[in-house]
Structures are given as C-alpha cells and as structure tokens.
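Chains as they are written, first to last, in my numbering: chain A, -10 to 180; chain B, -10 to 180.
The C-beta atom is built at its ideal place from N, Cα and C for all residues, glycine as well.
As structure tokens, the structure follows; a few thoughts come after it.
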C-alpha cells in the first residue's frame, strides 16, 4: 500500500544550546541513517530542510554520489534509500509541494524531546495515518529541537519518547524509534 | 529497578562486504548514539568490542574527552551516557566479566538483519529479560554483521526487524529500534 507519510529533517528554524534560533549544518550520518529508516518503513519521501545554499549543494552532491556516482556501484542499497531524499528551503515550501501533489492540505506533525501542551500519543497518530487520503509530514528538529513557532503552527505535536530519567537521544535514534512505533509491524516480529 | 541487560557492539569477528571475517574501525557516531540509547533505556553497560590496540586507545580518548575533559563541561548529558561505555578485546572477555560480576553465566543474544534458524521474537526476549537474576548481553555486529560462529555460540538469536522489502538499517538505528521494542514503555506513550 502506498504510504501517506513524509519526513522532514529541519535545520532551520531550530534552537541552539542557548535557546537561540539558528541554522545547523547538515550531518552526513543523518542523511544516510534517516534515508535507510525511511526506506525500511516505506515512507513516501524524506526532505532535508535548510535555507543555506552551501548546505543545499552539499546534500545534492551526496545524493548524486550515491545515486549516480561511484557510490551507486559500491553500495546499491544506498542508492535505493537516497532516492527518497529531497532538499527544500523551508517547511512551508515542503508543505506546499506535498499538498499540491495530493491536492489536499498536508497535516504537519512536530516532534520533540519534551512534553508540550495538547501533544498526541503514538497510538493516536497511528490511527490518524490510517486515513490514506491525507498526506502527513512528520518534522524532526536538529540541534536543540524545533522552535515553539514550528510546534504551534503544526497540526499535531507528538509525545516524546520516555526514557529512564534521560531523554537525550540523537535525532537519528529518535527517528528510528518513532517510525517503528508508527509503522513497525509488531505482529510479524513480536513472536 | 536495576537492569540486567548489557549491550556489545562487535568490531570483530564480523563479515565484510565479501563475507570475509574482518575487524572494522570504531565509528564515533556509533559510540555516542548507542551510549545515549543505552542510557535512555536504562541499560547496565555498553561494551565496544575490538581487538585492535589503536581502536581501544581511540575509544578511551573519546570517553575521557566527554567524561573528564572539555566535553564534560560543554555537554554534561554526554558524560552521563558515556559513563556506560567500556572497551573489551573479545566477546569472551565481556561475557566473563559480566558473569563474574553476577556470579551467574551471562546469556548471549545475537542480532542480525536476516532470518536465522531457531531465532526468537521480540516478545519472547522481553519475557526472558523479566528474570532479573540472569544477566543478558545483546550483541550487534558492525560491517556486514556478526559471523555465524558468533550466532551459533549465542544462547539466542533475535529475529530481524522487518522492513518493507528492505532491511539495510544502520547499526545505530537497529539498536534504537530493538532497545525500544524490548524496553520501551509503550503504556505511557501509546496514548
């Protein structure tokens, strides 16, 4: 079945350590790990969101290397996962692109490590995703996380992953866990 | 409650792309991402397993930097996660160390991306972990995965994570998903 879920990795606007709104640099490991997760769970697309021209070019070079350059021969499974990757300047631009494609407004879901008013649980989002006519864009922040403005302007904010008195997962790990909770087929693997 | 689960990241013996048994280099991102996951899910320890002296020293330098050096001041949450990290030369050495500590033989669980005879499901391993008097060591392979010898000599082999016709997750993502399936508290977060 065709997926209605897209993922956005946001490099701006996000907070830095001091709570200031900044643009982070793109991390090579983020692209590969998240693309492989997105492919594993059958996502429809993975957007790297950054307004910085140098970073946009960097991502395009990485995609080219693995999709058409020497990497495609060395490791064909990377080609398969990176075919999901797109670059976009803003969350708005991604939203418009998806909404245009589906002829229906995309619903945005923000994620984060802390509790937020009116956040929804994983079970609720699983159910929402069952509406296959509506596209969803789940947003992950780099650095110290998505800004309050991004959360407030999203349709939903997802509950955080609860740890044992510690919630400092890398964005790569958070993506893996959240996609598994939303889409992982527990029936086939739980015994 | 005190955890009875330890994690081992194996750099030898594992397969390379051509199926030959090799020792891989330690990856900085593996240490950090997996240590943060291990801390999030309350694991008892995280062993980097490598026989290479240069790699052992590298890991020790990284731990020192974040636990006592400049990193401890810059990012205290890294100190907390890296306090779980140990280095060991072989799987046997880790097993002996844990068994001695618990005065009980550690049970080894191998993981992998492919199906293996007599593998157990996630639900079964969750139940096994309920025996709090027995320590468990879950092993993850780098490169192209743990050797058959490692799997055959383990007490259990865990079922793979099932993707949509693609199972090429990074070891970092596999660790995150598997720890969540084994230890994630779905009750508090599923609604």
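Test: residue i CB closer than 9 angstroms to a CB of chain A
i, result
"residue 69/B", "yes"
"residue 1/B", "no"
"residue 78/B", "no"
"residue 35/B", "no"
"residue 132/B", "no"
"residue 145/B", "no"
"residue 179/B", "Interpretation of residue 179/B is limited by its pLDDT of 42, a score under 50 that renders its predicted location unreliable; the figure taken from the coordinates is listed afterwards. Cβ-Cβ to chain A under 9 angstroms: yes for residue 179/B."
"residue 100/B", "no"
"residue 5/B", "no"
Cβ of residue i within 9 angstroms of any chain B Cβ
i, result
"residue 181/A", "Since the displayed chain A opens at -10 and closes at 180, residue 181/A lies outside it and no answer follows."
"residue 28/A", "yes"
"residue 158/A", "yes"
"residue 175/A", "Note on residue 175/A: pLDDT 47, under 50, position unreliable in the model; no value is reported."
"residue 169/A", "yes"
"residue -6/A", "no"
Simplified DSSP assignment, three categories, for residue i
i, result
"residue -5/A", "strand"
"residue 85/B", "helix"
"residue 188/B", "The displayed coordinates of chain B run from -10 to 180. Any statement about residue 188/B would go beyond what the structure contains."
"residue 75/B", "strand"
"residue 52/B", "helix"
"residue 18/A", "helix"
"residue 153/A", "coil"
"residue 60/A", "helix"
"residue 147/B", "strand"
"residue 128/B", "strand"
"residue 172/B", "helix"
"residue 178/B", "Low confidence applies to residue 178/B: its pLDDT is 44, below 50, so where it sits in the model is not reliable, and the reading given next is rough at best. Three-state DSSP puts residue 178/B in a helix."
Proximal chain A residues relative to residue i, where beta-carbon distance stays under 8 angstroms
i, result
"residue 186/B", "A question about residue 186/B goes unanswered here, because the residues of chain B that appear run from -10 up to 180."
"residue -3/B", "Here the premise fails: no neighbours, minimum Cβ distance about 18 angstroms."
"residue 66/B", "155, 157"
Contact set between residue i and chain B, taken where Cβ atoms lie within less than 7 angstroms
i, result
"residue 108/A", "Per Cβ cutoff of 7 angstroms: no residues; residue 108/A is ~10 angstroms from chain B at best."
"residue 129/A", "The premise fails here: residue 129/A is roughly 13 angstroms from chain B at the closest Cβ pair, so nothing lies under 7 angstroms."
"residue 18/A", "18"
Chain A residues whose Cβ lies nearer than 7 angstroms to that of residue i
i, result
"residue 162/B", "22, 25, 26, 161, 165"
"residue 155/B", "28, 29, 69"
Nearest-angstrom Cβ-Cβ length linking residue i and residue j, presumed shorter than 8 angstroms
i, j, result
"residue 122/A", "residue 97/A", "Contact flag wrong, Cβ pair sits at about 17 angstroms."
"residue 15/A", "residue 3/A", "That pair is no contact at about 12 angstroms."
"residue 37/B", "residue -2/B", "5 angstroms"
"residue 99/B", "residue 143/B", "4 angstroms"
"residue 40/B", "residue 85/B", "In fact, because the Cβ distance is near 15 angstroms, the residues do not count as touching under 8 angstroms."
> What are the uninterrupted segments assigned as alpha helix (DSSP H) that are 4 or more residues long and contained completely in the stretch 83 to 126 of chain B, given in chain order?
Replying inline: Within the stretch 83 to 126 of chain B, the complete alpha helix (DSSP H) runs of at least 4 residues are 111 to 117.
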